[in-house]
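Trainee: Below is a structure I'd like to ask you about.
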């Protein structure tokens, strides 16, 4: 596949009239006037970017979008979310995941990190949609069989081209030390990642610390859980000691600005985390608490919230937040993605002929601060998932997701 | 014009299969199976909403989009914005305004409140684009002729179908008491609105209060400036006394959440303003400090920032923030807009066949929390400005705006 005449961003600057040659699932060459291939994409008014990495989500929950908003966390979970989750079937998961994939494809997200139930179904639906994902079945002490499912799931999917299995203990307040250590053992045994929620709400951190005499981060560190194998979602309520530990242990922090604000959890100390050297990436969280799966929204919201919280408009400049949505995310998820020779062909073409990209002055600024749509083409693993804004089979997925939702709430 | 088979929101709920009959510039009937008209719009998978009201912007500044970001306020103004503004010509304004109109049409904004230079040019360009606007030439003491231009401008435009002239003294720290009183006199003489920046930054409020022994709000009240005639942008740094005054005087508060966060000005006390009974509406501010002109973004950002600032996820529910983007805005700008018989035909059709609207459960929630595009048709004053996502002449405007920008920065 040859992408012809696109713009790129090199060292923060826009470079025009570039070709990208893709063979199989890799980028084999980037430059002007490349010799062709049969399949040519005319990208003369497009900007090519590497696909965005959504480092924390629960994709099947897209089915719950708009079902319950504007509520306190516990009533939201107890009265709305958990009763629905208790009724979920593999069929619901299938269409919920596909719906979430549609939105991610339309928003330029090409890989994601998910923790939920029915992960075989999630893996199958993701593969059918063509996205790349790290998938962990959620582990709670309340449902001991979830832990038993982990090893078989890893064995079934390890080595897959698109699906990377991982281990997902839910959080320190829902998993015992024993469960956390078993999760760690499995992750080390199979050399896979760990995905956990960490220090999301003030109440959760306070009650854990009171009970254990250690913060959640200190506790996880004391049992040897923390390493670069871990992607920890949220990390909102951290002490300076916690921040130091996360950075030293090279934990990947998946910051979820919109979800944290919508659920009123708080503003994470990104500046201190960055200064300490932590690898910060971004996540949408589930569509039940966002309610979008849109990393462009996430990048803008994250940087302006940080600027405002610190009264410093020069905090988290466009290039820094862009790194969080891209390279920091690839590092967290272990994917070899980027617009360079040899990298996986996971990329997105954005139509610059939209008023929010005009005047074209600083295109990186536009991606972070002005973007209101225009993702035209999404390619993952060398395969076109959307072209000219068209995703084959979209209508059928929307109809089925709608049916599953109506069925689910009436069950 | 007959819009056929659309969905509407009535009392927060979606109602399907409705027709909207438009004659001249008014809605004459809404209901099922209306008898037709020659021009029929098939809206069977659409949601009709009244157009959104952008209650504070500087539209020509769209030309500066992305030119300077991530800077402290004073260097941003002194080194970047003011030098460009000093070189602006009527031709620049023309294309800057048209560019801003394009983006507003694509984002479902049908009316806006602007304060800037060259307002005759702004009015002409706005009329050519077909949008509705309240326009004020900005008034500063530093350029005394700006005040002289106000009355002739009002006389030229008063009574226009789309353009409502108004008076725009910039702020208490750039206009003397005499200038403010003259502005007020003119507004009362011609019975037009006043548009002013008020208490945007902490520094500005502190230094004014130190010098005058009164807050900016107290000062404006003491000279009789405040009434329902006034739309005050920002209102971030307010005392409880200020809040009481603004509510009692029925001042319209144009809240600009994204601009306030991006410039690190702060989070306005919306909750207290609402409790006091103030009329809160929303604005994007200029694209130089946002960098979008997108009121859907504004509604989401505003509500999640408030929830988070107050640690209360049930603050500013979807229906409340929706009111700020619509009816509160129409009230501030004095426009008879709404999806009801007799109202001005200023409305927008949104394509619900997008993944971010699925599952369709609570459509008002989706408009606030999930919306990532899909504005299909924009109608103002009974005239179609965009249909099926196509705005006639868009390409030419984008090219001209780009040229003007390049010319401006090289002048």
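Chains as they are written, first to last, in the numbering used here: chain A, 1 to 411; chain B, 1001 to 1411.
Where is the CB? At the ideal position from N, CA and C, for every residue including glycine.
Being a predicted model, the structure only gives us computed values, none of them experimental.
(1) Residue 294 (chain A) touches chain B at which residues, Cβ-Cβ below 7 angstroms?
(2) Identify, in the order they occur along the chain, each residue of the same chain with its Cβ nearer than 8 angstroms to the Cβ of residue 160 (chain A), setting aside the five sequence neighbours on each side.
(3) Can you list, in chain order, the residues of its chain with a C-beta nearer than 8 angstroms to that of residue 1162 (chain B)? Leave out the 5 residues immediately preceding and following it.
(4) Using a beta-carbon distance below 7 angstroms, is residue 1389 (chain B) in contact with chain A?
(5) Between the beta-carbon of residue 228 (chain A) and the beta-carbon of residue 250 (chain A), is there less than 7 angstroms?
(6) I'd like the span of the alpha helix (DSSP H) that includes residue 231 (chain A), first residue to last.
(7) Classify residue 340 (chain A): buried if its beta carbon has 16 or more other beta carbons within 10 angstroms, exposed otherwise.
(8) Residues in the segment 1340-1374 of chain B with C-beta within 7 angstroms of chain A's C-beta atoms, listed in sequence order?
(9) Compare the beta carbon distance of residue 1030 (chain B) and residue 1002 (chain B) with 7 angstroms and say whether it is the shorter of the two.
(10) Within the continuous alpha helix (DSSP H) that includes residue 1014 (chain B), where are the two ends?
(11) Is it the case that the segment 1364-1380 of chain B contacts the segment 1071-1080 of chain B, given that we only count it when at least three CB pairs across the two stretches are under 8 angstroms?
(12) Count the C-beta pairs between the segment 1219-1226 of chain B and the segment 1252-1259 of chain B that are closer than 8 angstroms, then say yes if the count reaches three, no if not.
(13) Examine chain A for any beta-carbon lying closer than 7 angstroms to the beta-carbon of residue 1069 (chain B), and answer yes or no.
(14) Would you check if there are 3 or more beta carbon pairs closer than 8 angstroms linking the segment 323-339 of chain A to the segment 48-65 of chain A?
(15) Would you mind telling me which residues of chain A sit closer than 9 angstroms to residue 1166 (chain B), beta carbon to beta carbon, in chain order?
(16) Do residue 1199 (chain B) and residue 1168 (chain B) come within 7 angstroms of each other at the CB atom, strictly closer than that value?
(17) Based on Cα-Cα distance, which residue from B:1272, B:1060, B:1116, B:1244 lies nearest to residue 1143 (chain B)?
(18) In angstroms with no decimal places, state the Cα-to-Cα distance between residue 92 (chain A) and residue 410 (chain A).
(19) So residue 265 (chain A) and residue 236 (chain A) are supposed to be a Cβ contact under 8 angstroms. How far apart are they, rounded?
(20) Could you say if the segment 1231-1247 of chain B and the segment 1273-1292 of chain B meet the contact criterion of at least three C-beta pairs nearer than 8 angstroms?
(21) What's the C-alpha gap between residue 347 (chain A) and residue 45 (chain A)?
(22) Using a beta-carbon distance below 7 angstroms, is residue 1054 (chain B) in contact with chain A?
(23) Go ahead and label residue 1355 (chain B) buried or exposed: buried means 16 or more other beta carbons lie within 10 angstroms of its beta carbon, across all protein chains shown.
(24) Quick one: list the residues of chain B neighbouring residue 311 (chain A), beta-carbon separation under 9 angstroms, in chain order.
(25) At what residue ranges does the segment 137-214 of chain A contain a whole run of the alpha helix (DSSP H), taking only runs of 4 or more?
(26) Please list, in chain order, the residues of the segment 1216-1248 of chain B that have any C-beta partner in chain A closer than 7 angstroms.
(27) Below 7 angstroms on C-beta distance, what does residue 1381 (chain B) contact in chain A?
(28) Can you find a C-beta in chain B that's less than 7 angstroms from the C-beta of residue 72 (chain A)?
(29) Give a yes or no on whether the minimum CB-CB distance between residue 1319 (chain B) and chain A is below 7 angstroms.
(30) Which stretch, first to last residue, makes up the beta strand (DSSP E) that contains residue 77 (chain A)?
(31) Under 7 angstroms between the Cβ atoms of residue 1263 (chain B) and residue 1073 (chain B)?
(32) If you check the beta carbons only, do residue 1359 (chain B) and residue 405 (chain A) fall under 7 angstroms apart?
(33) Between the alpha carbons of residue 1215 (chain B) and residue 1203 (chain B), how many angstroms are there, rounded?
(34) Taking only three categories from DSSP, how would you classify residue 1320 (chain B)?
(35) What ranges does the alpha helix (DSSP H) occupy inside the segment 253-306 of chain A, keeping only unbroken runs of at least 4 residues that lie completely in it?
(36) With a cut-off of 8 angstroms on the beta carbons, I'd call residue 43 (chain A) and residue 106 (chain A) a contact; round off their distance for me.
Mentor: According to the structure shown:
(1) The residue labelled residue 294 (chain A) in the question sits at position 294 within the first chain. Per Cβ cutoff of 7 angstroms: 1372.
(2) Taking the first residue of the first chain as position 1, residue 160 (chain A) is located at position 160. Sequence-distant partners of residue 160 (chain A) (beyond 5 residues in either direction) whose C-beta falls short of 8 angstroms from its own C-beta, in its chain, are 123, 127.
(3) Position 162 of the second chain holds residue 1162 (chain B). Beyond the five residues adjoining it in sequence on each side, residue 1162 (chain B) comes within less than 8 angstroms, by CB distance, of 1126, 1127, 1130, 1131, 1132, 1133, 1380, 1381 in the same chain, given in chain order.
(4) Along the second chain, one-based indexing puts residue 1389 (chain B) at 389. No, its Cβ sits nowhere closer than 7 angstroms to a Cβ of chain A.
(5) As a position in the first chain, residue 228 (chain A) is number 228, starting the count at 1. As a position in the first chain, residue 250 (chain A) is number 250, starting the count at 1. Less than 7 angstroms separates the beta-carbon of residue 228 (chain A) from that of residue 250 (chain A).
(6) Start at 1 with the first residue of the first chain, and residue 231 (chain A) comes out as number 231. Counting along the chain, residue 231 (chain A) falls outside any alpha helix (DSSP H), though it belongs to the beta strand (DSSP E) covering 230-234.
(7) Position 340 of the first chain, counted from the start, is the residue given in the question as residue 340 (chain A). Exposed: under 16 other Cβ atoms inside 10 Å.
(8) Within the segment 1340-1374 of chain B, the residues whose Cβ lies closer than 7 angstroms to some Cβ of chain A are 1353, 1355, 1356, 1358, 1359, 1360, 1361, 1362, 1365, 1366, 1369, 1370, 1372, 1373, listed in chain order.
(9) Position 30 of the second chain, counted from the first residue, corresponds to residue 1030 (chain B). Position 2 of the second chain, counted from the first residue, corresponds to residue 1002 (chain B). 7 angstroms or more divides the Cβ of residue 1030 (chain B) from the Cβ of residue 1002 (chain B).
(10) Counting from 1 along the second chain, the entry for residue 1014 (chain B) is found at position 14. Element bounds for residue 1014 (chain B): not the alpha helix (DSSP H) but the beta strand (DSSP E), 1013-1023.
(11) Short answer: they don't touch.
(12) Because the criterion of three Cβ pairs below 8 angstroms is not met, the segment 1219-1226 of chain B and the segment 1252-1259 of chain B do not touch.
(13) Taking the first residue of the second chain as 1, we reach residue 1069 (chain B) at position 69. With respect to chain A, the C-beta atom of residue 1069 (chain B) has a partner C-beta closer than 7 angstroms.
(14) Because the criterion of three Cβ pairs below 8 angstroms is met, the segment 323-339 of chain A and the segment 48-65 of chain A touch.
(15) For the purposes of this step, residue 1166 (chain B) is taken as residue 166 along the second chain, with counting starting at 1. Going along chain A, no residue has its Cβ under 9 angstroms from residue 1166 (chain B), so there is no contact; the nearest lies around 25 angstroms.
(16) Here residue 1168 (chain B) refers to the residue found at position 168 of the second chain. Here residue 1199 (chain B) refers to the residue found at position 199 of the second chain. In this structure, residue 1168 (chain B) lies away from residue 1199 (chain B), with their beta-carbon atoms at least 7 angstroms apart.
(17) Translated into the one-based positions of the second chain, residue 1143 (chain B) becomes position 143. Measuring from the Cα of residue 1143 (chain B), the nearest candidate turns out to be B:1116.
(18) The count along the first chain starts at 1 and reaches residue 92 (chain A) at position 92. The count along the first chain starts at 1 and reaches residue 410 (chain A) at position 410. The straight-line gap from Cα to Cα measures roughly 13 angstroms.
(19) As a working note, residue 265 (chain A) is residue 265 in the first chain. As a working note, residue 236 (chain A) is residue 236 in the first chain. Contact between residue 265 (chain A) and residue 236 (chain A) holds, since their C-beta atoms are separated by about 5 angstroms, short of 8 angstroms.
(20) In short, these stretches touch, since the Cβ pair count reaches three.
(21) Here residue 347 (chain A) is taken as the residue at index 347 of the first chain, counted from 1. Here residue 45 (chain A) is taken as the residue at index 45 of the first chain, counted from 1. Using only the alpha carbons, I get a separation of about 16 angstroms.
(22) Stepping through the second chain from its first residue, residue 1054 (chain B) is reached at position 54. Against chain A, the CB of residue 1054 (chain B) has no partner CB under 7 angstroms away; the residue lies outside that interface.
(23) Locating residue 1355 (chain B) in the second chain gives position 355, counting from the first residue. By the Cβ neighbour-count rule, residue 1355 (chain B) is buried, with 16 or more other Cβ atoms within 10 Å of its own.
(24) As a position in the first chain, residue 311 (chain A) is number 311, starting the count at 1. Here the neighbours are 1202, 1264, 1265, 1266.
(25) Within the segment 137-214 of chain A, the runs of alpha helix (DSSP H) at least 4 residues long that lie entirely inside it are, in chain order, 145-148, 150-157, 177-190, 202-212.
(26) Listed in sequence order: no entries.
(27) The sequence position of residue 1381 (chain B) within the second chain is 381, counting from 1. Neighbourhood of residue 1381 (chain B) in chain A, by CB distance below 7 angstroms: empty, with the nearest CB roughly 21 angstroms away.
(28) Here residue 72 (chain A) corresponds to residue number 72 of the first chain, with the count starting at 1. Residue 72 (chain A) has a beta carbon lying within less than 7 angstroms of a beta carbon in chain B.
(29) Locating residue 1319 (chain B) in the second chain gives position 319, where the first residue counts as 1. Taking Cβ atoms only, chain A never reaches closer than 7 angstroms to residue 1319 (chain B), which makes this a no.
(30) Within the first chain, the letter at position 77 stands for residue 77 (chain A). No beta strand (DSSP E) holds residue 77 (chain A); DSSP gives it neither H nor E.
(31) Counting from 1 along the second chain, the entry for residue 1263 (chain B) is found at position 263. Counting from 1 along the second chain, the entry for residue 1073 (chain B) is found at position 73. The Cβ atoms of residue 1263 (chain B) and residue 1073 (chain B) lie closer than 7 angstroms to each other.
(32) Within the second chain, numbered from 1, the residue matching residue 1359 (chain B) stands at position 359. Within the first chain, numbered from 1, the residue matching residue 405 (chain A) stands at position 405. Closer than 7 angstroms, so yes.
(33) Here residue 1215 (chain B) refers to the residue found at position 215 of the second chain. Here residue 1203 (chain B) refers to the residue found at position 203 of the second chain. Approximately 12 angstroms, taken between the alpha carbons.
(34) One-based indexing of the second chain puts residue 1320 (chain B) at position 320. Of the three classes helix, strand and coil, the one that applies to residue 1320 (chain B) here is helix, per DSSP.
(35) 257-262, 270-276, all fully within the segment 253-306 of chain A.
(36) On the first chain, position 43 is the one that residue 43 (chain A) refers to. On the first chain, position 106 is the one that residue 106 (chain A) refers to. The beta carbons of residue 43 (chain A) and residue 106 (chain A) sit about 18 angstroms from each other, so the pair does not count as a contact at 8 angstroms.
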